[in-house]
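One structure below.
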Amino acid sequence: MTALNRFLSASAAGWVKIILTIVTQLLLVPLYLGHWSVEEYGCWLVIQTIVSLSSLMSSSHQTYIGYELLKIGDKRLDDFRTLFYSAIPWVLLIGLIELLIIFSLIYLGLAGSAFDPNHALSKSLLQQAFWSLVIYSTYALITGSIGGLAGRAVAPFGYFPRMQWWGTYMAIAAALASAIAVAAGGNLIEVVACTVAAQLLINVPIHVDMWRMFRRHQLLPVAPDWKLGRRNVAHSVAIAVTAVLDIFRQQGVRLLLSVTIGVAQMTAFSTMRTMSNLSLQGIGTVTNPMMPEIMRFLREKDTDRTNAIMGFVWLFAVIALAPLLIVFQWIMPVVFHYWTRGKIAFNPAVFGLFSINLLIFAVARPLLAVLQGNNLIKIQLHISIANSIVAVAGIMLFSRIFGMAGAATSLLLAELLATILTTVYARRWLEQNGISFPRTLFHVTLSSIGVSALSILLMIGFPQTRTLELILSIVANIFIAIAYVRALPDLALDRVRRMIRR
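Our numbering runs 25 ahead of the 1-based position in the sequence shown.
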């Protein structure tokens with residue numbers, strides 16, 4: 026399979042998963058709210074957040090090892106095997122520690138504070154939430170430790186698309202299981218149990234398939250290098266710290282808002298952020314399949330191909346993402362009311378700030394891939410510390426004064442700071458390694474993002490003329506897209522032409 030075929034297959038899997046997520050969100054949110062109380066649905070959201078935070082060290086360690094395996098590539102098999110099998114004992118140990126942390130949080134009462142800071146929930150609902158945490162964490166230890174690491178290990182051998190498709194099948198199984206359980210009248214813990222059971226069934230063929238990939242490429246077990254494994258764990262701690270700060274900007278804000286403005290407003294905030302999160306996944310369908318190719322081009326110091334692949338990612342932001350978010354801002358006041366069955370009020374300012382936040386992130390994404398792919402963990406840590414201070418301090422201060430809008434503004438300022446710092450550090454690394462920075466493409470992308478952000482703000486301030494503002498902004502983005510395509514390097518244009526032909 027060629028590089029383009031791998032990219033198309035992985036992107037297709039990603040888009041199928043996004044479409045599935047959109048459909049399930051459109052169907053499941055009304056289903057949840059139709060059978061559950063807002064408090065019960067809020068507990069469901071908090072469970073997802075705590076599970077993400079509790080498995081942070083595992084995912085960070087696996088991410089670090091995954092990028093190291095990409096740097097080794099598919100030629101140095103002895104080094105590849107040693108690195109992978111030296112990580113397995115530590116992956117299992119970290120997973121076990123994370124499970125014990127969940128038990129400790131429940132035993133010490135800290136988990137209860139996250140779910141019910143105002144002591145307004147019933148004891149039965151809290152017990153269900155606690156056992157749901159245990160079930161999810163046990164599932165993560167069983168399937169996400171060695172399996173998660175193995176999924177990253179097969180990427181250098183061209184299997185990233187296949188793993189993407191497996192992830193899509195997993196999402197389908199989880200969505201169907203949770204929907205059937207809720208529709209059948211299941212409570213919180215019953216829905217969690219059904220969802221985990223469905224995912225376990227899908228994990229069986231996934232692990233069998235990965236073992237076949239390992240045998241095909243002679244990645245058979247070797248004795249672990251304990252010193253190497255321990256050193257990699259130490260290095261991955263910086264990624265874990267970076268990740269926990271990033272999660273607080275992306276998801277952990279739920280915990281902060283449940284304390285500052287209550288579970289009900291936190292639920293409204295998170296629900297309005299759903300479309301932004303879906304669009305964020307859309308960016309991932311473009312950038313994630315390209316990581317093996319980006320790493321190869323960076324290793325070879327290939328300026329033309331590096332700039333071409335960055336330009337291709339920004340092309341998505343200019344042509345697809347920016348106009349799409351403007352359309353969302355125009356149509357969501359009507360859609361949101363029916364989507365949530367009128368139980369959650371739509372806030373156009375909060376939704377618009379989320380969209381602008383996402384546009385800014387789209388600018389930084391290919392540059393962030395340079396820092397992540399080379400495991401420049403100190404730089405990533407410095408960036409996360411700086412913008413997380415802005416995000417957390419802003420949320421704690423402004424959410425108490427301005428509510429959800431204050432929290433959304435804080436996240437926007439944090440993302441802007443992150444993008445500026447990422448651009449500065451990535452540009453410096455590229456130039457130090459003999460790779461020129463794509464200035465023209467970068468500036469045109471900024472123009473597109475600026476026009477789209479201005480259009481969204483005008484829709485917020487003057488909602489009575491939002492249809493006219495929509496038309497004018499789309500026209501402006503068309504001209505910017507034409508200018509961007511003309512500025513693309515020949516390699517990127519050739520990739521676009523081949524994709525269109527496919």
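Cβ atoms here follow ideal geometry from the backbone N, Cα and C, with glycine treated the same way.
Treat the numbers as computed from the prediction; the structure is a model and nothing was measured.
Cβ pair count under 8 Å reaching 3, the segment 376 to 389 against the segment 495 to 509: Not touching, per the Cβ criterion.
Buried or exposed (CB count within 10 angstroms, at least 16 for buried), residue 314: Residue 314 comes out buried.
Helix, strand or coil at residue 298 [DSSP, three-state]: In this structure, residue 298 counts as coil in the three-state DSSP scheme.
Proximity of residue 76 and residue 292 at Cβ, strictly below 9 Å: Contact: no.
Beta-carbon separation (whole angstroms), residue 247 vs residue 110, contact threshold 8 Å: Going by Cβ atoms, the distance from residue 247 to residue 110 rounds to 5 Å, so yes, they are a contact pair.
Three-state secondary structure (DSSP) of residue 61: Residue 61 falls in the coil class under three-state DSSP.
Alpha helix (DSSP H) runs wholly inside the segment 459 to 521, at least 4 long, in chain order: Counting whole runs of 4 or more residues, the segment 459 to 521 contains the alpha helix (DSSP H) stretches 464 to 486 and 491 to 512.
Cβ contact (3+ pairs, closer than 8 Å) linking the segment 446 to 461 and the segment 352 to 371: With a cut-off of 8 Å, the segment 352 to 371 and the segment 446 to 461 do not count as touching, because too few Cβ pairs lie within range.
Contacts around residue 483, its chain only, beta-carbon distance under 6 Å, and the 5 residues preceding and following it disregarded: Taking C-beta separations shorter than 6 Å and ignoring five residues to either side along the sequence, the partners of residue 483 in its chain run 494, following chain order.
Distance CB(residue 120)-CB(residue 166) smaller than 9 Å: Cβ distance < 9 Å, so residue 120 and residue 166 count as in contact.
Nearest residue (CA-CA) to residue 113, options 418, 361 and 257: Ranking the options by Cα distance to residue 113, first place goes to 257.
Residue 132 burial status per 10 Å Cβ neighbour count (16 or more: buried): Residue 132 is exposed by the Cβ-count criterion.
First and last residue of the uninterrupted alpha helix (DSSP H) at residue 183: DSSP places residue 183 outside any alpha helix (DSSP H), giving it a letter other than H or E.
Local Cβ density within 10 Å of residue 243, reported as buried at 16 or more and exposed below that: Exposed, by the Cβ-count rule.
DSSP-derived helix/strand/coil call for residue 440: Assignment of residue 440 by DSSP, reduced to helix, strand and coil, places it in the helix class.
Helix, strand or coil at residue 352 according to DSSP, with G and I counted as helix: Residue state, collapsed to three classes: helix.
Spatial distance of residue 492 from residue 378 (CA atoms): So the two alpha carbons sit approximately 19 Å from each other.
Neighbourhood of residue 168 by C-beta, 6 Å cutoff - its chain only, sequence neighbours within 5 removed: These residues qualify, in order along the chain: 228.
DSSP-derived helix/strand/coil call for residue 106: Annotated three-state conformation of residue 106 is helix, per DSSP.
With 16 other Cβ atoms within 10 Å as the buried cut-off, status of residue 531: Because the chain is modelled from 26 through 527, residue 531 falls outside the range shown and cannot be assessed.
Range covered by the alpha helix (DSSP H) that runs through residue 536: This structure gives no information on residue 536, because the portion of the chain shown stretches from 26 to 527.
Validate contact between the segment 262 to 272 and the segment 210 to 226 using beta carbons, cut 8 Å, 3 pairs: With the cut-off at 8 Å, the segment 262 to 272 and the segment 210 to 226 do not touch.
Residue burial classification, residue 475 (beta-carbon count within 10 angstroms, cutoff 16): Of the residues assessed, residue 475 falls on the exposed side of the cut-off, its CB having fewer than 16 other CB atoms within 10 angstroms.
Three-way DSSP call (helix, strand, coil) for residue 341 in this model: If DSSP states are grouped into helix, strand and coil, residue 341 belongs with the helices.
Residues near residue 373 in its chain [Cβ-Cβ closer than 8 Å; skip 5 each side]: Within the same chain, residue 373 has close Cβ partners 354, 357, 358, 484, 485 and 488.
Outcome for residue 206 when other beta-carbon atoms lying within 10 angstroms are tallied against a minimum of 16: By the neighbour-count criterion, in which a residue is buried when 16 or more other Cβ atoms sit within 10 angstroms of its Cβ, residue 206 is buried.
Reduced DSSP secondary structure (H/G/I, E/B, other) of residue 101: Residue 101 falls in the coil class under three-state DSSP.
CA-to-CA distance, residue 117 to residue 343, given in whole angstroms: The alpha-carbon of residue 343 is positioned some 42 Å away from that of residue 117.
Which of helix, strand or coil DSSP assigns to residue 209: Residue 209: coil per DSSP, three-state reduction.
The alpha helix (DSSP H) enclosing residue 171, as first and last residue numbers: 171 to 178 is the span of the alpha helix (DSSP H), which, as asked, contains residue 171.
Residue 103 and residue 182 closer than 9 Å at C-beta: Not in contact: residue 103 and residue 182 (Cβ atoms no closer than 9 Å).
Spatial distance of residue 197 from residue 42 (CA atoms): The alpha-carbon of residue 197 is positioned some 8 Å away from that of residue 42.
Segment limits, alpha helix (DSSP H) that includes residue 381: For residue 381, the uninterrupted alpha helix (DSSP H) segment begins and ends at 373 to 398.
Cut-off 8 Å between Cβ atoms - residues of its own chain near residue 53, not counting five sequence neighbours on either side: Sequence-distant partners of residue 53 (beyond 5 residues in either direction) whose C-beta falls short of 8 Å from its own C-beta, in its chain, are 200, 203, 204 and 207.
Straight-line Cα distance separating residue 369 from residue 59: Using only the alpha carbons, I get a separation of about 12 Å.
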